[in-house]
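Numbering (the working numbering), first residue to last: 82 to 285. Okay, structure first, notes after.
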Amino acid sequence: MNTELIKKNSQYKSILTVLNGNDWLLFMATFVRRINPVTIIFWLYLGSLLVAFLISIFAFNLMLLNSRIWIIGIIGGLLLSLLVTPILHEFIHSFFYKLLGAKKVVFKWSKRLLRFNIYSSDFVLSKKNYYVISLVAFLLFSVTPFALSFFFNNVLFLLLQSLSIFHSFYALKDLAVCSYLYKHHNSYLHIGQDERAVFYKNIE
Numbered sequence: 082m083n084t085e086l087i088k089k090n091s092q093y094k095s096i097l098t099v100l101n102g103n104d105w106l107l108f109m110a111t112f113v114r115r116i117n118p119v120t121i122i123f124w125l126y127l128g129s130l131l132v133a134f135l136i137s138i139f140a141f142n143l144m145l146l147n148s149r150i151w152i153i154g155i156i157g158g159l160l161l162s163l164l165v166t167p168i169l170h171e172f173i174h175s176f177f178y179k180l181l182g183a184k185k186v187v188f189k190w191s192k193r194l195l196r197f198n199i200y201s202s203d204f205v206l207s208k209k210n211y212y213v214i215s216l217v218a219f220l221l222f223s224v225t226p227f228a229l230s231f232f233f234n235n236v237l238f239l240l241l242q243s244l245s246i247f248h249s250f251y252a253l254k255d256l257a258v259c260s261y262l263y264k265h266h267n268s269y270l271h272i273g274q275d276e277r278a279v280f281y282k283n284i285e
């Protein structure tokens with residue numbers, strides 16, 4: 082369903098924003114900085130993550146570790162956050178999209194955002210559903226590695242901690258969308274294969 086058809090459909094008449102593929106970077110830069118409960122929770126979590134990591138360095142005497150262990154741990158977490166968890170992150174999104182009725186899901190790499198994006202065949206997500214999907218992915222690939230890291234030492238500790246931090250930055254697109262949706266009650270997101278996203282409010 083293209084934007085013109087959406088406008089003709091009474092269900093979608095109250096259009097809030099239409100985003101093309103080139104608009105996402107500015108959209109993300111704008112809404113990750115908005116002050117609302119969504120962004121406050123995220124940035125407090127990320128700040129706590131960094132503080133906990135710094136405290137752990139001294140508490141566990143990590144400064145005494147061989148530099149190679151540091152390199153393997155930090156770079157390993159970075160590589161996982163670039164090559165593995167992004168695919169799994171988007172797979173979680175696509176799984177829920179299919180579960181909620183999307184007929185087809187397409188993966189595409191965005192050079193501008195340096196991340197995978199997924200597009201579906203004229204699929205609509207409610208604000209609540211998008212929040213749930215984003216939360217599940219964030220819990221799995223950022224919060225869980227952070228929690229698990231304290232059960233390991235040395236390389237695995239550093240790897241899981243860095244993975245948690247780097248994946249949090251990967252999730253900035255989800256944060257931006259959740260931040261945008263926060264201020265609009267009864268809002269929805271239409272995702273199509275034309276790399277265009279349409280935010281709209283349902284007419285009550």
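All C-beta atoms in this analysis are idealised placements derived from N, C-alpha and C, irrespective of residue type, glycine included.
Residue closest to residue i, alpha-carbon to alpha-carbon, out of the options
i, options, result
"SER223", "LEU244, SER215, LEU206, ILE168", "LEU244"
"LEU253", "LEU106, SER95, LEU100, GLY102", "LEU106"
"ILE214", "PHE176, PHE247, ASP104, LYS189", "PHE176"
"PHE303", "MET109, SER137, LEU127, ASP255", "This structure does not reach residue 303, given that the chain is present from 82 up to 285, and the question cannot be answered."
"ASN117", "LEU262, GLY273, ASN283", "LEU262"
"LYS185", "ASN283, GLY273, SER95", "GLY273"
Residues bridged to residue i (per DSSP)
i, result
"SER34", "Beyond the ends of the chain as shown, which are 82 and 285, falls residue 34; an answer cannot be given."
"LYS282", "SER95, SER268"
"LEU100", "ALA278"
Check whether residue i and residue j have beta carbons under 7 Å apart
i, j, result
"VAL187", "TYR200", "yes"
"LEU100", "ALA278", "yes"
"PHE112", "ALA218", "no"
"SER270", "LEU181", "First, the residue type needs correcting, since residue 270 is Leu and not Ser in the sequence shown. It is not a contact, given that the beta carbons lie outside the stated cut-off."
"SER230", "PHE238", "yes"
"PRO226", "LEU216", "no"
"ALA183", "PHE204", "yes"
"ILE246", "LEU130", "yes"
"GLY154", "VAL236", "yes"
"ASN198", "LYS208", "no"
Assumed close pair residue i, residue j - CB separation to whole angstroms, cut-off 8 Å
i, j, result
"ARG115", "SER268", "About 15 Å; that fails the 8 Å criterion."
"LEU97", "TYR281", "6 Å"
"ILE173", "LEU221", "7 Å"
Cβ neighbour criterion (16 or more within 10 Å) applied to residue i
i, result
"VAL165", "exposed"
"HIS266", "exposed"
"PHE139", "exposed"
"VAL132", "exposed"
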